[in-house]
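Using the numbering used here, the letters of the sequence shown correspond one by one to residues 89 to 481. Just so you know, even glycine gets a beta-carbon here, dropped at the ideal spot from N, CA and C. Keep in mind that this is a model prediction, so the values were computed, not measured. Take a look at the structure set out below.
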Amino acid sequence: MYLFNKYKNCSYCNEPFNDKLWCKKCDPRCLIECWTSGNSDTDEFIKNTIYNVRHDFSGVFLEWVPFNRISDIKLIGEGGFSKVYSAIWINGKSSYKVRNYGIWEKLVSQPTKVALKKLNGSQNISVDYLDKIKLHWNLYLSNPDFLKFYGITKDPKTKEFITILQFGNMGNLRDILSNNFNYILWKDKIKLLHDLVTDLQYAHRLKCFHNDFRSENILRNNALYFISDFGSTFGVVMAEFSSGKTPFYNRKHNLSLAFDICNGLRPEFGEGTPDIYKRLSYKCMNANPDERPTSNELYRILRFWYSAIIGDNTEKLGKDIKAIFEKADTEIPNIITSYGTDPDAVYVSREFTFNNLPKPANSSMITSYLNEEHYEDSQLYGLGVASSFLPNV
């Protein structure tokens with residue numbers, strides 16, 4: 089349908105409109121006028137995403153969505169800094185198609201199931217909050233497979249801002265590990281870790297480093313996984329993939345645990361976990377951040393491992409890696425994943441202020457893992473294999 093305009097000039101560029109709603113130079117006026125979030129910085133951010141695609145409306149942009157266009161809101165998760173809801177976006181995402189002579193036509197949209205992330209205490213949205221929202225937007229722009237970001241709205245009662253996101257229809261990775269751990273083979277774990285590292289690479293290119301990266305923040309939509317927040321360390325997630333258990337599930341999450349982690353305590357691994365996998369995880373959890381692998385190094389290692397596991401190898405190196413992980417597969421059915429958690433083991437984002445913590449150090453066990461790398465072990469990482477020999481995965 090075409091929408092008609094009663095105004096003569098575009099308020100953004102002050103150029104005359106044609107006889108339809110659209111300004112050829114700018115954008116559909118209905119997306120940029122007649123609304124405000126109540127915060128000028130937020131308004132400017134949303135409108136700039138629209139202006140940035142004015143020459144190519146096949147691109148993506150954010151929308152300000154009136155709260156009354158959201159229905160069937162249900163709380164599905166809660167963290168220390170936000171609440172997450174499922175909901176129906178009644179109008180669905182706006183889409184347009186350019187017609188002859190530069191006239192834009194609004195296409196029919198469908199109701200869409202979405203996730204709403206309400207930011208606690210965001211009534212007067214701070215620069216820090218807005219920077220995090222902008223970061224998610226930039227990650228989505230840089231990687232089309234990232235969790236889709238549709239728009240922003242506001243709770244009319246609490247005045248808190250809410251981001252409108254793609255709904256992960258299969259829950260988070262913690263749920264999937266809890267329900268299906270004994271059926272997930274090592275090739276699937278390695279492939280998933282490889283895909284997550286790809287997301288981390290995009291984040292690192294934008295100078296973002298993960299602060300809340302854990303299984304509860306990895307969402308699944310059909311066959312794709314998305315990182316919804318960033319944190320902890322990649323090595324901790326690797327350990328959880330191995331054991332099927334949340335890290336430090338049997339400990340109070342308090343000052344005592346913080347001391348032990350600084351002194352080298354690390355999450356447990358599952359029975360039969362390959363030593364090369366443990367070593368890579370321990371590298372990620374190294375007390376010295378300068379000695380941790382980069383996201384690019386992780387990508388190459390995991391890509392090589394996955395290629396070796398699924399490939400028809402003729403080289404000894406590929407055969408050895410495949411044999412290591414196939415042997416580990418035989419232990420998976422024997423790993424017990426039912427466990428009780430300490431009532432004070434809380435898996436939501438929280439701020440802690442601990443004074444006089446010791447300088448982080450590696451335990452003697454971790455040090456032995458990191459120092460016992462013989463030449464053959466280094467080869468097993470695949471670091472010496474030229475990227476030209478690695479197939480796409």
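Query raised in the report: Just reading off the beta strand (DSSP E) that S128 is part of, what are its end residues?
Result: Per DSSP, S128 belongs to no beta strand (DSSP E); it is in the alpha helix (DSSP H), 128-139.
Taking just the CA atoms, how far does S383 sit from K404? Rounded to the nearest whole angstrom, the C-alpha separation of K404 and S383 is 27 Å.
Checking the sheet assignment: what are the DSSP bridge partners for K205? DSSP links K205 through a beta bridge to V172, T251.
(Q) Let me make sure I understand the geometry here. Which of Q254, I138, N212, L280 has the alpha-carbon closest to that of S128? (A) That would be N212, whose Cα lies nearest to the Cα of S128.
(Q) I'd like to confirm the pairing. Which residues does DSSP put opposite S159 in its beta bridges? (A) I176.
Exercise. Exposed or buried, which one is G428 when buried takes at least 16 other CB atoms within 10 Å?
Worked result: Burial call: exposed.
CA nearest to the CA of K410, picked from L273, F329, D219: Selection L273, F329, D219 evaluated against K410 yields L273 as nearest (Cα-Cα).
Burial state of T246, where buried means 16 or more other Cβ atoms lie within 10 Å
With fewer than 16 neighbouring CB atoms inside 10 Å of its own CB, T246 falls in the exposed class.
- prompt: Are three or more beta carbon pairs between the stretch 266-286 and the stretch 234-245 nearer than 8 Å?
  reply: Two segments are said to touch when three or more pairs of C-beta atoms, one from each, lie closer than 8 Å; by this definition the stretch 266-286 does not touch the stretch 234-245.
*asked:* With a threshold of 7 Å on Cβ separation, who are the neighbours of L386 within its own chain once the five nearest residues in sequence on each side are excluded?
replied: Excluding sequence neighbours, L386 sits near V285, F322.
- Task: Find out if the Cβ-Cβ distance for the pair A396, E356 is shorter than 8 Å.
- Result: E356 is positioned such that its CB atom lies no closer than 8 Å to that of A396.
**Prompt:** How big is the Cα-Cα spacing for C122 and E132?
**Reply:** Whole-angstrom Cα-Cα distance: 14 Å.
Host beta strand (DSSP E) of F237 (start-end)
237-242 is the extent of the beta strand (DSSP E) around F237.
| task | Closer than 6 Å by C-beta to E450: which residues in its own chain qualify, once you throw out the five before and the five after it? Chain order, please. | result | Correcting the residue type first, residue 450 is Asn in the shown sequence and not Glu. These residues qualify, in order along the chain: G352, A375.
- request: Please check the pair K181 and T251, which I expect to be a contact at CB under 8 Å, by giving their CB distance rounded to whole angstroms.
  value: Rounded, the Cβ-Cβ distance is 14 Å, inconsistent with contact.
Assuming L218 contacts T130 under a Cβ cut-off of 8 Å, what Cβ separation, rounded to an integer in Å, is found between them? Confirmed, about 7 Å.
- Outcome for K447 when other beta-carbon atoms lying within 10 angstroms are tallied against a minimum of 16: Answer is exposed; the Cβ neighbour count stays below 16.
* Under 8 Å between C-beta atoms of I176 and K135 -> No, Cβ-Cβ distance for I176 and K135 is not below 8 Å.
May I ask which residues mark the beginning and end of the alpha helix (DSSP H) holding A416? Run containing A416: 404-417, per the alpha helix (DSSP H) assignment.
**Residue of I264, F336, V172 minimising C-alpha distance to V434** = Among I264, F336, V172, the Cα nearest to that of V434 is on F336.
Alpha carbon to alpha carbon, how far is T402 from L253? Give it in angstroms, no decimals. Approximately 45 Å, taken between the alpha carbons.
Terminal residues of the alpha helix (DSSP H) in which A396 lies:
In the DSSP annotation of this structure, the continuous segment of the alpha helix (DSSP H) that includes A396 starts and ends at 383-398.
Q.
Please report the distance separating the alpha-carbon of F440 from that of N208.
A. Across the structure, F440 and N208 are spaced so that their CA atoms are roughly 17 Å apart.
Of the choices G165, I120, E379, whose alpha-carbon is the least far from that of L150?
The candidate whose alpha carbon is nearest that of L150 is I120.
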